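Number of protein chains: 2
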Amino acid sequence: MEYAMPDAYEATDRTVPTRAKERARYDREQVHSILDAAYVCHLGFVRDGAPVVLPTLFARVDDHLYVHGSTGSRPLRMAGEADPGLDVCLTVTHVDGLVLARSAFHHSINYRSVVVHGTAHQVTDATEKRTALDALVDHVVPGRSANSRPANAKELAATAVLRLDLSEVSAKLRSGGPNDDPEDLSLPYWTGVIPVTSHRGTPIPAADLDESIELPGYLAAQH
Amino acid sequence: MEYAMPDAYEATDRTVPTRAKERARYDREQVHSILDAAYVCHLGFVRDGAPVVLPTLFARVDDHLYVHGSTGSRPLRMAGEADPGLDVCLTVTHVDGLVLARSAFHHSINYRSVVVHGTAHQVTDATEKRTALDALVDHVVPGRSANSRPANAKELAATAVLRLDLSEVSAKLRSGGPNDDPEDLSLPYWTGVIPVTSHRGTPIPAADLDESIELPGYLAAQH
Numbered sequence: 221m222e223y224a225m226p227d228a229y230e231a232t233d234r235t236v237p238t239r240a241k242e243r244a245r246y247d248r249e250q251v252h253s254i255l256d257a258a259y260v261c262h263l264g265f266v267r268d269g270a271p272v273v274l275p276t277l278f279a280r281v282d283d284h285l286y287v288h289g290s291t292g293s294r295p296l297r298m299a300g301e302a303d304p305g306l307d308v309c310l311t312v313t314h315v316d317g318l319v320l321a322r323s324a325f326h327h328s329i330n331y332r333s334v335v336v337h338g339t340a341h342q343v344t345d346a347t348e349k350r351t352a353l354d355a356l357v358d359h360v361v362p363g364r365s366a367n368s369r370p371a372n373a374k375e376l377a378a379t380a381v382l383r384l385d386l387s388e389v390s391a392k393l394r395s396g397g398p399n400d401d402p403e404d405l406s407l408p409y410w411t412g413v414i415p416v417t418s419h420r421g422t423p424i425p426a427a428d429l430d431e432s433i434e435l436p437g438y439l440a441a442q443h
Numbered sequence: 221m222e223y224a225m226p227d228a229y230e231a232t233d234r235t236v237p238t239r240a241k242e243r244a245r246y247d248r249e250q251v252h253s254i255l256d257a258a259y260v261c262h263l264g265f266v267r268d269g270a271p272v273v274l275p276t277l278f279a280r281v282d283d284h285l286y287v288h289g290s291t292g293s294r295p296l297r298m299a300g301e302a303d304p305g306l307d308v309c310l311t312v313t314h315v316d317g318l319v320l321a322r323s324a325f326h327h328s329i330n331y332r333s334v335v336v337h338g339t340a341h342q343v344t345d346a347t348e349k350r351t352a353l354d355a356l357v358d359h360v361v362p363g364r365s366a367n368s369r370p371a372n373a374k375e376l377a378a379t380a381v382l383r384l385d386l387s388e389v390s391a392k393l394r395s396g397g398p399n400d401d402p403e404d405l406s407l408p409y410w411t412g413v414i415p416v417t418s419h420r421g422t423p424i425p426a427a428d429l430d431e432s433i434e435l436p437g438y439l440a441a442q443h
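Keeping their order, the protein sequence lines are chains A and B.
The opening residue of the first sequence carries number 221 in the working numbering; numbering runs sequentially from there.
The opening residue of the second sequence carries number 221 in the working numbering; numbering runs sequentially from there.
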């Protein structure tokens with residue numbers, strides 16, 4: 221019998237926000253959907269007692285997140301050196317709108333974010349590493365990994381992959397219009413939401429691209 | 221005689237990347253321009269020895285960055301409790317393009333990022349706090365703070381502002397096309413860049429907005 225994954229992640233002390241608790245979500249589907257709509261995350265770790273936050277690509281495969289980098293890069297090296305792994309916080313944020321209230325105080329942002337706490341470990345299994353690297357390419361442009369030269373032995377050796385399991389994780393989101401105080405409703409200020417979207421433009425071929433190579437379907441469909 | 225600010229921030233052990241050093245920048249103008257083009261940052265701090273990364277609004281005023289939050293929120297509380305302030309890392313990232321190389325290995329992202337290390341302190345001066353709060357609103361929508369009700373005494377008391385000085389800071393960026401290895405140039409894969417931009421859409425008035433209030437000029441000009 222297949223093990224049935226629970227529908228929601230368990231809330232912990234770290235994943236229950238101190239403020240705006242009603243915006244927190246733990247259901248698996250929503251967490252995955254916010255993660256999968258992004259490809260850049262902000263990865264936090266501690267170095268010499270101080271926080272470091274770096275932007276990096278990530279991909280999700282089931283309940284695992286993967287990030288990669290040169291074997292010489294700081295967090296990757298640290299995850300390899302530290303025996304029990306590297307404590308990280310991986311955060312993904314989408315901005316959906318600017319919320320302009322009548323009062324400065326009630327100005328806000330419509331957003332969807334996911335915060336993952338856990339310990340990242342270097343991936344040592346060759347098959348898992350290849351799967352993760354393919355996922356990292358396909359997470360940015362679905363279909364791309366099959367349409368590029370896979371990593372060779374030298375490139376694989378130069379690339380480290382970290383895995384972070386989705387366990388202590390929560391989403392937080394805000395949507396909708398401004399929430400002005402009743403006594404402010406008659407103030408003479410425009411109020412509403414300015415939608416914010418991310419847009420992929422027309423692909424720009426490399427200067428040295430052979431003219432006989434046409435734009436593949438998985439790219440033509442995106443814009 | 222006025223003190224002339226140096227044109228560049230001093231590089232430190234923490235702001236010299238271990239990889240891709242040629243992408244690092246320290247000049248003040250470039251750092252400010254990347255910061256000012258964003259309004260959401262990822263703020264990292266250490267809690268119980270583990271990293272925490274949260275998205276939050278920020279604004280720059282000269283060589284100071286400001287973030288704000290409820291006096292009850294975690295980092296704001298921590299900055300107030302910890303006598304010498306709260307060690308933070310504040311990171312801002314813009315994605316400008318997806319770089320599709322012929323090899324999976326050389327896939328990349330065109331981006332501009334800024335990483336700020338330092339100690340954040342609660343702002344206690346009332347004038348500085350007001351200036352910071354106005355800047356936080358105007359950083360998202362220039363001109364907006366003058367066109368909304370300013371915070372009253374109760375709201376000011378409920379809001380904490382943290383200041384982080386720009387001192388240990390660096391920018392990192394990548395632009396341009398793919399850098400394929402010479403032996404890959406004849407591979408039959410499409411290669412180039414997909415531009416990525418952030419877009420502000422048509423403002424959506426709140427349902428309870430008085431119809432006589434027209435869209436102000438500073439909003440009409442943005443989309």
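The beta-carbon is built from N, C-alpha and C at its ideal position, and this holds for glycine as well.
The structure presented is a predicted model; accordingly, all values stated were derived computationally and were not measured.
- Taking CB atoms only, B/ARG243 has no neighbour in chain A less than 8 Å away.
- Take the alpha-carbon of A/PRO370 and the one of B/ALA324: they are about 5 Å apart.
- If you compare the alpha carbons of B/LYS374, B/ASP354, B/ASN372 with that of B/SER365, the shortest gap goes to B/ASP354.
- At a beta-carbon threshold of 7 Å, the residues of chain A lying near B/ALA426 are GLY397, PRO398, THR411, GLY412, ordered along the chain.
- When only Cα atoms are considered, A/THR411 and B/GLY264 end up about 32 Å apart.
- In this structure, DSSP gives B/GLU388 an extended state, which the three-state scheme calls strand.
- The three-state secondary structure of A/TYR246, taken from DSSP, is coil.
- Ranked by how close their Cα comes to the Cα of A/ARG383, the residues A/PRO295, A/ASP400, A/ALA427 have A/PRO295 in first place.
- It is roughly 45 Å from the alpha-carbon of B/ALA391 to the alpha-carbon of B/GLU431.
- DSSP, read as helix, strand or coil, puts A/SER365 in helix.
- A direct Cα-Cα distance of roughly 14 Å separates B/VAL389 from B/CYS261.
- Proximity of B/GLU375 to chain A, defined by a Cβ-Cβ separation below 8 Å, is satisfied.
- Pairing A/ILE433 with A/PRO362, the inter-Cα distance amounts to about 19 Å.
- Residue burial is scored here from C-beta neighbours: B/PRO226 has fewer than 16 other C-beta atoms within 10 angstroms and is therefore classed as exposed.
- Secondary structure note for B/THR347: its alpha helix (DSSP H) is the uninterrupted segment 346-360.
- Taking the Cα of B/GLU242 as reference, the smallest distance to any Cα among B/PRO398, B/LEU429, B/ARG394, B/LYS374 is reached at B/ARG394.
- In the DSSP secondary-structure assignment, B/ALA340 is bridged to B/LEU306.
- Counting along the chain, A/TYR286 sits inside the beta strand (DSSP E) bounded by residues 284-290.
- With a cut-off of 8 Å on Cβ pairs, the stretch 250-259 of chain A is not in contact with the stretch 268-275 of chain A, counting fewer than three such pairs.
- For A/ASP316, no Cβ of chain B is located within less than 8 Å of the residue's own Cβ.
- Chain B has a Cβ within less than 8 Å of the Cβ of A/TYR331.
- Taking 8 Å as the threshold, the shortest C-beta distance from B/PRO370 to chain A falls below it.
- C-alpha of B/ASP282 to C-alpha of B/VAL381: approximately 16 Å in a straight line.
- A/ARG280 is not a Cβ neighbour of B/ILE414, given a cutoff of 8 Å.
- In the DSSP assignment, A/ALA270 falls within the beta strand (DSSP E) that extends over 270-281.
- According to DSSP, residue pairing for B/GLY264 in a beta bridge involves B/VAL273, B/CYS309.
- With contacts defined as CB atoms closer than 8 Å, A/ASP400 and A/HIS327 fail to qualify as a contacting pair.
- As a beta-bridge residue in DSSP terms, A/HIS419 pairs with B/THR417.
- In this structure, A/HIS341 lies near A/ALA299, with their beta-carbon atoms less than 8 Å apart.
- For A/THR379, DSSP records a beta bridge to A/SER290.
- Taking 8 Å as the threshold, the shortest C-beta distance from A/ILE254 to chain B does not fall below it.
- Rounded to whole angstroms, A/ALA346 and A/ALA377 show a C-alpha spacing of 10 Å.
- A/PRO398 and B/LYS374 have their alpha carbons spaced roughly 19 Å apart.
- Just measuring C-alpha positions, the residue of B/VAL357, B/LEU320, B/VAL335 sitting nearest A/LEU429 is B/LEU320.
- Judged by DSSP secondary structure, A/LEU439 falls within the alpha helix (DSSP H) whose first and last residues are 437-440.
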